[in-house]
Amino acid sequence: MAREKKSIRNFSIIAHIDHGKSTLADRIMEMTGLISDRDKRDQFLDRMDLERERGITIKSQTVRIPYQGKDGREYILNLIDTPGHVDFNYEVSRSLGACEGAILLVDASQGVEAQTLANVFLALDHDLEIIPVLNKTDLPGAEPERVILEIEEAIGLDCSNMLKISAKTGHNVPELLERIVRDIPPPAYEPDNPLKALIFDAWYDPYQGVVVLFRVYEGFIEKGQQIQMFYSEKVFEVNSLGVFAPDPTYREWIGPGEVGYLFANIKDLKEARVGDTITAAANPVAEPCPGFKKIHPMVFCGLYPTEPAKYDPLKKALERLQLNDTAFTFEPETSHALGFGFRCGFLGLLHMDIIQERLEREFQAELIATAPSVIYQLKKPDGTLQALDNPSLMPPGESREISEPYVRMEIHVPNEYVGKVLKLCEEKRGTQKDIRYLTSSRVIITYEMPFAEIVYDFFDKLKSLSRGYASMDYELIGYFPAHLAKLEIKINDEPVDAMSMIVHRENAYRLGRELALKLKRAIPRQLFEVIVQACIGNKVIAKERTPPLRKNVTAKCYGGDITRKRKLLEKQKEGKRRMKKMGNIEIPQEAFLAALQSEK
Numbered sequence: 000m001a002r003e004k005k006s007i008r009n010f011s012i013i014a015h016i017d018h019g020k021s022t023l024a025d026r027i028m029e030m031t032g033l034i035s036d037r038d039k040r041d042q043f044l045d046r047m048d049l050e051r052e053r054g055i056t057i058k059s060q061t062v063r064i065p066y067q068g069k070d071g072r073e074y075i076l077n078l079i080d081t082p083g084h085v086d087f088n089y090e091v092s093r094s095l096g097a098c099e100g101a102i103l104l105v106d107a108s109q110g111v112e113a114q115t116l117a118n119v120f121l122a123l124d125h126d127l128e129i130i131p132v133l134n135k136t137d138l139p140g141a142e143p144e145r146v147i148l149e150i151e152e153a154i155g156l157d158c159s160n161m162l163k164i165s166a167k168t169g170h171n172v173p174e175l176l177e178r179i180v181r182d183i184p185p186p187a188y189e190p191d192n193p194l195k196a197l198i199f200d201a202w203y204d205p206y207q208g209v210v211v212l213f214r215v216y217e218g219f220i221e222k223g224q225q226i227q228m229f230y231s232e233k234v235f236e237v238n239s240l241g242v243f244a245p246d247p248t249y250r251e252w253i254g255p256g257e258v259g260y261l262f263a264n265i266k267d268l269k270e271a272r273v274g275d276t277i278t279a280a281a282n283p284v285a286e287p288c289p290g291f292k293k294i295h296p297m298v299f300c301g302l303y304p305t306e307p308a309k310y311d312p313l314k315k316a317l318e319r320l321q322l323n324d325t326a327f328t329f330e331p332e333t334s335h336a337l338g339f340g341f342r343c344g345f346l347g348l349l350h351m352d353i354i355q356e357r358l359e360r361e362f363q364a365e366l367i368a369t370a371p372s373v374i375y376q377l378k379k380p381d382g383t384l385q386a387l388d389n390p391s392l393m394p395p396g397e398s399r400e401i402s403e404p405y406v407r408m409e410i411h412v413p414n415e416y417v418g419k420v421l422k423l424c425e426e427k428r429g430t431q432k433d434i435r436y437l438t439s440s441r442v443i444i445t446y447e448m449p450f451a452e453i454v455y456d457f458f459d460k461l462k463s464l465s466r467g468y469a470s471m472d473y474e475l476i477g478y479f480p481a482h483l484a485k486l487e488i489k490i491n492d493e494p495v496d497a498m499s500m501i502v503h504r505e506n507a508y509r510l511g512r513e514l515a516l517k518l519k520r521a522i523p524r525q526l527f528e529v530i531v532q533a534c535i536g537n538k539v540i541a542k543e544r545t546p547p548l549r550k551n552v553t554a555k556c557y558g559g560d561i562t563r564k565r566k567l568l569e570k571q572k573e574g575k576r577r578m579k580k581m582g583n584i585e586i587p588q589e590a591f592l593a594a595l596q597s598e599k
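0 is the number of the first residue of the sequence shown in numbering that gives the first Met the number 0; add one for each residue after it.
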C-alpha cells in the first residue's frame, strides 16, 4: 500500500511579485506532459478571474506532477504556486509549512527585491532546502552576473552553480526538474505511526461542504475512514479523497508525504480551520502538527450592505471567505449613518480590495465601505490597554494616551531615486535607520515609520517617483505614543460616525480641509443648504457649504404687482427652512471613498 517515500518531492516556488512564478509552473506542467496543448493557457494555476485580470497570484495552488527522471525512476512532484505580494505573505507561510524545499526565483533584470528577501527568510525559518534560480535570462536587459552578486551579498546563498532559465521559453527548465529531484529531500516519516496530517488550506463548496487541502506527515488516510480534528475534536467520515493533477483526480488513499484534498460532509465552517491536525478517530495522535503562527490584521474598515435585508447574506459570505483566509477577520458593528454592518480586518489595502471584489463577484454583495484605519492602543486610567480598531471608539478631541503601530520598512531602489525616496519617507514621519548599497546601483533603505502613514497612498507614491523600480517590504515592530486626535465629520451638525478617523495632530488641519472639500464635491446638491464640517472635539477646523438648488417659482409671473413675486419667494424660503430641519441627506459611496484618494 505504501508508496516509496524517496520518490516524492514537495516544493514551492517563491519570489517577488511578477518575477515569473506562475509562468514557471506552466512550463513545468507542460514539459512533464501534465497539460496538453489543447488545455494550455497562461497562468494555468490561477483559477480565479480576479487573478487572471490583475496578473497576480492571490491564492496558493497545488498540483501533483508525475515526472520520470533521467535515472529512469518515477517521481511525484507536489508543486505549490505561491503569491508574491506583501499582503499575501501568510499564504506563502502556509504553503512552505507543507514543503521540504523551495525554488527561489529571481528576475535577471530586476534583481533582488524586497519580497525576494522576505520570502527566502520565511523559507529558512521553515528549514527548507533552497534552490536559487535566475529567470528571464533571455531578456535584453538581463544582467545575470550583477544579480548573482546581489543574491550572494543580500541572502548569503552559494550561487556558484546557479541555474539560468527562461520560464517563458522553457530554456533550462528540464535541468531545473533534475535539480529538484536531486537536491530537495524526500519527506521523512515512520511507517507504523498513526495518521497525522496538516490542514494548510480550505474553502467552501456549495454542493459538498468544506473542501480540506492537507499534507500527510504520518500514516495513511483512506476513503470511508473516520477522522478527527485535533483541536475541535469533531469526528467525520471521509466521503471523497483526491489530488489535483491539475484537475481533481479521485484516490482511494493518500500516504505519507503526499498532498491531497478531502470531502467529509463538513458543514460548519469552524470545524476545519487552517492549521488544525487531522488524525484517525480510532487511534488519535498525542501531539498535533506545529501549525502556523496566528496572523493579526493590521488594517480595518467597515463593510455595510446597501439594504438592511442583505445583512444575513453578507454575513454568510464573510464566513465563507474567512474559512480559507485566516488573516481576514470580521465582527458585527452598528453605525448611525449606515445601519448594521461588520468591522473587518485585513493585512493591507490590496488584501482589503481583493476581499471586497470577491464579495461583489462571488456572492453578488452590494457594499458600502468606510475609510480604512489601522489599530491603535488606548491607555485607560487604570493602566490597562484597549485596542482601538474603530475610530468611533476613541474619546473625542486630542489624546496623549494613545499609541500607534510602527513598522520597519525596507525599500529596494535604484541609486538615482534615493533622494526622492528619502524625502517621501521624511514627509511620512519616518525615522531613517539604515542605508546600504547592495551593489553600486542598488540601494536598500531602512526606515521606521507609523503604519497609518503608509497604509493609504505610500506604495502608489513610491512607485510613481521611482518609475516603478522601487519595491518595499515591512513588518510590525510595536506601538509607540503619538500626539493623535479624532477627526470627526459633521453634515448639517449631524456627526457621520462612519467617516471619523484618527489622525496625527500636525496633519489634522490639512486632512480636515481636504476631506471637507472632497465631501462637498461628492455629495449631490439638495433642495436645502448642506454644511460639511471637520471637527476635533468641539473645535471646527474646516467648513464647506453647498448652496441649495433653487426652483424658479416666479417663472409664471409676467409683470404685475411685485408683492406677488415676493409672496412666492417667501413661501419657498419657509418651505426650505422646514426641509432643512427634516432633510435626510443620501451620502453616495464616492463620498466614503474620498478619504482614500490622495491629492495629486
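All residues carry an ideal CB built from backbone N, CA and C; glycine is no exception.
No experiment lies behind these values; they were computed from the predicted model shown.
Is DSSP giving residue i helix, strand or coil here?
{"i": "residue 448", "result": "strand"}
{"i": "residue 616", "result": "Outside the displayed range of the chain (0 to 599) lies residue 616, so it cannot be described from this structure."}
{"i": "residue 499", "result": "coil"}
{"i": "residue 100", "result": "strand"}
{"i": "residue 213", "result": "strand"}
{"i": "residue 170", "result": "strand"}
{"i": "residue 243", "result": "strand"}
{"i": "residue 335", "result": "coil"}
{"i": "residue 417", "result": "helix"}
{"i": "residue 273", "result": "coil"}
{"i": "residue 57", "result": "Its pLDDT being 43, under 50, residue 57 is placed unreliably by the model, and the measurement read from it follows with that caveat. Three-state result, residue 57: coil."}
{"i": "residue 74", "result": "strand"}
{"i": "residue 378", "result": "strand"}
{"i": "residue 428", "result": "coil"}
{"i": "residue 0", "result": "For residue 0, the predicted model reports a pLDDT of 41, less than 50, meaning its position is unreliable; a value from the coordinates is still stated below. In the structure shown, residue 0 sits in coil (DSSP, three-state: anything other than H, G, I, E or B)."}
{"i": "residue 350", "result": "helix"}
{"i": "residue 404", "result": "strand"}
{"i": "residue 433", "result": "strand"}
Please name the residue, chosen from the options, that lies closest to residue i on a Cα-to-Cα basis.
{"i": "residue 473", "options": "501, 443 and 170", "result": "443"}
{"i": "residue 76", "options": "525, 11, 125 and 529", "result": "11"}
{"i": "residue 541", "options": "511, 528 and 466", "result": "511"}
{"i": "residue 200", "options": "102, 134 and 271", "result": "271"}
{"i": "residue 127", "options": "97, 317 and 148", "result": "97"}
{"i": "residue 514", "options": "488, 362 and 74", "result": "488"}
{"i": "residue 600", "options": "167, 168, 144 and 310", "result": "Residue 600 lies beyond the stretch modelled for the chain, which goes from 0 to 599, so this question has no answer here."}
{"i": "residue 214", "options": "179, 278 and 147", "result": "278"}
{"i": "residue 237", "options": "421, 260 and 246", "result": "260"}
{"i": "residue 62", "options": "230, 564, 248 and 414", "result": "248"}
{"i": "residue 462", "options": "492, 449 and 416", "result": "416"}
{"i": "residue 345", "options": "299, 384 and 573", "result": "299"}
{"i": "residue 170", "options": "383, 284 and 29", "result": "29"}
{"i": "residue 287", "options": "275, 440, 257 and 71", "result": "275"}
Residue i and residue j: beta carbons closer than 8 Å?
{"i": "residue 319", "j": "residue 329", "result": "no"}
{"i": "residue 374", "j": "residue 404", "result": "yes"}
{"i": "residue 66", "j": "residue 176", "result": "yes"}
{"i": "residue 110", "j": "residue 183", "result": "no"}
{"i": "residue 95", "j": "residue 122", "result": "yes"}
{"i": "residue 112", "j": "residue 470", "result": "yes"}
{"i": "residue 364", "j": "residue 421", "result": "no"}
{"i": "residue 447", "j": "residue 427", "result": "no"}
{"i": "residue 168", "j": "residue 137", "result": "yes"}
{"i": "residue 269", "j": "residue 240", "result": "no"}
{"i": "residue 548", "j": "residue 571", "result": "no"}
{"i": "residue 258", "j": "residue 193", "result": "no"}
Locate the alpha helix (DSSP H) running through residue i, then write down its first and last residues.
{"i": "residue 161", "result": "First-last for residue 161: undefined, no H or E at that position."}
{"i": "residue 131", "result": "First-last for residue 131: 128-134, but that is the beta strand (DSSP E), not the alpha helix (DSSP H)."}
{"i": "residue 509", "result": "504-521"}
{"i": "residue 118", "result": "113-124"}
{"i": "residue 24", "result": "20-30"}
{"i": "residue 153", "result": "143-153"}
{"i": "residue 463", "result": "457-464"}
Tell me where the beta strand (DSSP E) around residue i begins and ends.
{"i": "residue 439", "result": "Neither: residue 439 is in no beta strand (DSSP E) and is coded neither H nor E."}
{"i": "residue 471", "result": "470-480"}
{"i": "residue 304", "result": "298-304"}
Kindly give me the distance between the Cβ atoms of residue i and residue j, rounded to whole angstroms, as I take these residues to be in contact under 8 Å.
{"i": "residue 235", "j": "residue 282", "result": "No, residue 235 and residue 282 are not in contact; Cβ-Cβ is about 16 Å, not under 8 Å."}
{"i": "residue 490", "j": "residue 531", "result": "6 Å"}
{"i": "residue 166", "j": "residue 8", "result": "With 8 Å as the limit, residue 166 and residue 8 do not qualify as a contact, their Cβ atoms being about 19 Å apart."}
{"i": "residue 484", "j": "residue 535", "result": "5 Å"}
{"i": "residue 216", "j": "residue 255", "result": "7 Å"}
{"i": "residue 135", "j": "residue 208", "result": "Between residue 208 and residue 135 the Cβ distance is about 42 Å, and since that is not below 8 Å, they are no contact."}
For the ligand ADP, is there any heavy atom lying closer than 7 Å to the beta carbon of residue i?
{"i": "residue 457", "result": "Here there are no bound small molecules, and the ligand ADP is not part of this structure."}
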